[in-house]
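Input: a single structure, listed below in structure tokens.
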Amino acid sequence: MSMNTSIRSTARLLGAGLRALLVLTLVCGVLYPLAVMGVGQGLFNHQANGSEITSDGRVVGSELIGQRYDLPLKKGEETPAPDLKWFQPRPSNGLGTNTVNTQYRLILSGATNRAGDNEELIRWVKDAKAAVIKDNSVNGYQVRPSDVPPDAVTSSGSGLDPAISPEYARIQVHRVAELNGLSVEQVEKLVNEHTDGRILGFVGEPRVNVLELNIALKALEKG
């Protein structure tokens, strides 16, 4: 094979490779993403944009990501105390804290990664259970240790679970009603209205989205 033939053959191969690169870049890097985005925006607009939740005309969070409802951090406190006028989410021990990110700042996410017999985890659970009983026992209503569900004292795998069980929501009803000047019946109705059943009737467990519930509570206060 002559030198010229070899050069022409190499040039053809390079040209074919370059054309394939350009075509695949156009199809896979431009047309396909645009098509997927178009389908997402057209058929699943809410989900494609982060499942945003709005209140008073502004975005206040996502129905997929949990938030905390705490009082302002006081001097000398490492973690803020919960604002008990609101329904409280699951614990978020897995997120941890540092000088940049604090719990539920949505940058950190993770589980505790501690075994069931870990002394620190056991202490967390016991402390959380004691706090749930103390915080939710109000005049005329006493929370029993057996009333406290697992999700009230344990964090989820991500630490950002947006929902709690109906059982955990219900043991908070009397406290929320008392601190907001509402009747127990009014707050119980809110919980029932915001309790979602199992997906497709059999997947997962019944749940209550805490952010949506607190938005409804705020609207009830205004009403």
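With positions in the sequence shown counted from 1, the corresponding number in this note's numbering is that position plus 1487. C-beta: ideal position from N, C-alpha, C; glycine also.
Inter-residue CB distance, residue i and residue j (contact presumed, cutoff 8 Å)
{"i": "S1643", "j": "R1577", "result": "6 Å"}
{"i": "E1708", "j": "N1679", "result": "The pair is not a contact, with the Cβ atoms about 18 Å apart (cut-off 8 Å)."}
{"i": "V1655", "j": "P1636", "result": "What sits at residue 1655 in the sequence shown is Tyr, not Val. Right, the Cβ-Cβ distance comes to about 5 Å (below 8 Å), so this counts as a contact."}
Top-ranked residue by Cα proximity to residue i, from the options
{"i": "V1697", "options": "A1522, I1540, D1622, R1610", "result": "I1540"}
{"i": "A1664", "options": "L1677, P1653, S1652", "result": "L1677"}
{"i": "A1639", "options": "K1572, D1614, D1683", "result": "D1614"}
{"i": "P1649", "options": "K1572, N1679, G1548, K1705", "result": "G1548"}
{"i": "L1571", "options": "V1619, E1692, A1703, E1606", "result": "V1619"}
{"i": "R1685", "options": "P1653, E1675, A1706, H1661", "result": "P1653"}
{"i": "S1670", "options": "D1683, N1626, I1702", "result": "N1626"}
{"i": "E1692", "options": "R1662, D1543, E1607, I1651", "result": "I1651"}
Other residues of its chain near residue i: CB distance less than 6 Å, five sequence neighbours each side excluded
{"i": "D1634", "result": "I1658"}
{"i": "T1586", "result": "Residue placement at T1586 is flagged as unreliable, the pLDDT there being 47, under the threshold of 50; the coordinate-derived value follows with that caveat. Nothing listed; no residue qualifies."}
Nonlocal neighbours in the same chain, by C-beta distance under 8 Å from residue i, ignoring five residues either side
{"i": "L1560", "result": "T1566, P1567"}
{"i": "L1700", "result": "F1574, A1656, L1677, V1678, H1681"}
{"i": "V1660", "result": "V1671, V1674, E1675, V1678"}
{"i": "D1604", "result": "none"}
N- and C-terminal bounds of the alpha helix (DSSP H) containing residue i
{"i": "R1694", "result": "Run containing R1694: none in the alpha helix (DSSP H); it sits in the beta strand (DSSP E), 1694 to 1696."}
{"i": "D1622", "result": "1606 to 1623"}
First and last residue of the uninterrupted beta strand (DSSP E) at residue i
{"i": "R1545", "result": "1545 to 1549"}
Cut-off 7 Å between Cβ atoms - residues of its own chain near residue i, not counting five sequence neighbours on either side
{"i": "S1538", "result": "S1549, E1550, L1551"}
{"i": "R1506", "result": "none"}
task: Let me know the alpha helix (DSSP H) ranges lying completely inside the segment 1642 to 1704, each 4 residues or longer, listed in chain order.
output: Taking 4 residues as the shortest admissible run, the segment 1642 to 1704 contains the following complete alpha helix (DSSP H) segments, listed from N- to C-terminal end: 1653 to 1658, 1660 to 1667, 1671 to 1680.
task: Scan the segment 1506 to 1586 and note each continuous alpha helix (DSSP H) run of 4 residues or more that stays entirely inside, going in chain order.
output: Here the runs fully enclosed are 1519 to 1530, 1532 to 1535.
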